[in-house]
């Protein structure tokens, strides 16, 4: 049975619609545009893929280091919304600034700033779930967030795609087309955030101390001790570290991988648009299935499916194979992300959601740092892009084993 969403739940979901536009931009148009810039400035395909991977790795590492601090601050009374707004502002300004970065290294620096700002907002956003809905609604609300994020982000993406692909016809350069695209994405992101900022109210918190940021470091230590005592939470985070590594690496590197293989840029963009469209109904389906089947079983199914994606990617050489991969990823991407978020929310203390999501962010972003670095290094050392991507499969195997152990605990 479909649940009727409250106003707060709808506004929380709208932020997913907004920030997913940046996610889609970073996963599709940005790698191709960087390839365009890098190619003009003499970088080889292997160098392009490696440098893009390193930039993603640096951004995720910085976020992983900052995540716990911001997470503990998020739990402090009166801090969650203001710091969320600051992170949003940094991400949005850097997103627009991407259009003005012409040198490949400068472009990567601005990209890192934009991605860090965006990623920090997610620490706060995820921790807001406990404030906007009830425990028995979390699976479906979380799934609806990802679902509408996937389909909603297609609106600005299609507009940007039309501008970029028809730049010559409308009499503008590729650089101008990209500047316009960055502005469109950023405006969409900010506008979709406004309803959440208007209605969000923090229900669960710890009392404000005199020095909130310095106090946050003390609470990190306490949280780490608590995690060690909570075996289920600890094992889940360990499993999450490995399997979400594979998921995020595929998201971050898919377009760069296809572009480095020499596949058509237009084909890559359309295939990843298809991923978003397919992900919309399947994210909702997984949210509904969570009422009939345990989240543990459904998350396991998603991890196994991603293992298949990683193995298939090793043999990817043709455009049609990338389309198959795009549909495959779309079927399970929303499920594994949404159910992991809601599952984690259920097994942690409500008044420490920010702290625990900060730790979850370390696992997610720290893992992504490892995954993209492995792909970049192996590709550079072997000169074979497929071998680098193939290493992702190992991460899913480890993730499945650890997750099943966590699921077996009460």
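Residue numbers (the working numbering): 1 to 410.
Here a beta-carbon is modelled for each residue, glycine too, at the ideal position from N, C-alpha and C.
Note that the coordinates shown come from a computational prediction; the quantities given were computed from them, not determined experimentally.
Whose C-beta lies closer than 6 Å to the C-beta of residue i among residues of the same chain, with five residues either side of it excluded?
i	result
residue 268	255, 258
residue 391	374, 378
residue 398	242
residue 179	99
residue 140	3, 287
residue 371	245, 249
residue 90	117
residue 305	332
What do you get for residue i, buried or exposed, if any count of 16 or more other CB atoms within 10 angstroms of its CB means buried?
i	result
residue 33	buried
residue 100	exposed
residue 384	exposed
residue 239	buried
residue 148	buried
residue 248	buried
residue 41	exposed
residue 287	buried
residue 82	exposed
residue 72	buried
residue 4	exposed
residue 264	exposed
residue 112	buried
residue 57	buried
residue 135	exposed
residue 80	buried
residue 173	exposed
residue 318	exposed
residue 194	exposed
Going by beta-carbon coordinates alone, are residue i and residue j separated by less than 8 Å?
i	j	result
residue 146	residue 338	yes
residue 87	residue 98	no
residue 206	residue 348	no
residue 163	residue 177	yes
residue 64	residue 369	yes
residue 250	residue 309	yes
residue 25	residue 104	no
residue 84	residue 22	no
residue 126	residue 357	yes
residue 156	residue 191	no
residue 237	residue 363	yes
residue 116	residue 74	no
So the alpha helix (DSSP H) residue i belongs to, where does it begin and stop?
i	result
residue 329	319-346
residue 179	174-191
residue 117	104-127
residue 19	7-27
residue 438	Because residue 438 is not part of the residues shown, which for the chain are 1 to 410, the question remains open.
residue 153	Segment: none, residue 153 is in no alpha helix (DSSP H) and carries neither H nor E.
residue 200	No alpha helix (DSSP H) holds residue 200; DSSP gives it neither H nor E.
residue 137	No alpha helix (DSSP H) holds residue 137; DSSP gives it neither H nor E.
residue 306	295-314
residue 277	265-292
Give every residue of the same chain whose Cβ lies closer than 8 Å to the Cβ of residue i, excluding the five residues on either side of it in the sequence, and list them in chain order.
i	result
residue 122	19, 361
residue 409	231, 232, 235
residue 314	386, 387, 389, 390, 393
residue 312	321, 324, 325, 328
residue 340	240, 244, 299
Going by DSSP, which residues form a beta bridge with residue i?
i	result
residue 255	Its beta-bridge partners do not exist; DSSP assigns none.
residue 206	76
Counting only C-beta atoms, is residue i closer than 8 Å to chain D at any point?
i	result
residue 78	Absent here is chain D; the protein component of the structure consists of one chain.
Residues in the same chain with beta-carbon distance under 7 Å from residue i, minus the five sequence neighbours each way, listed in chain order, please.
i	result
residue 154	273, 276, 277
residue 182	95, 96, 98, 99
residue 152	17, 20
residue 52	31, 34, 256
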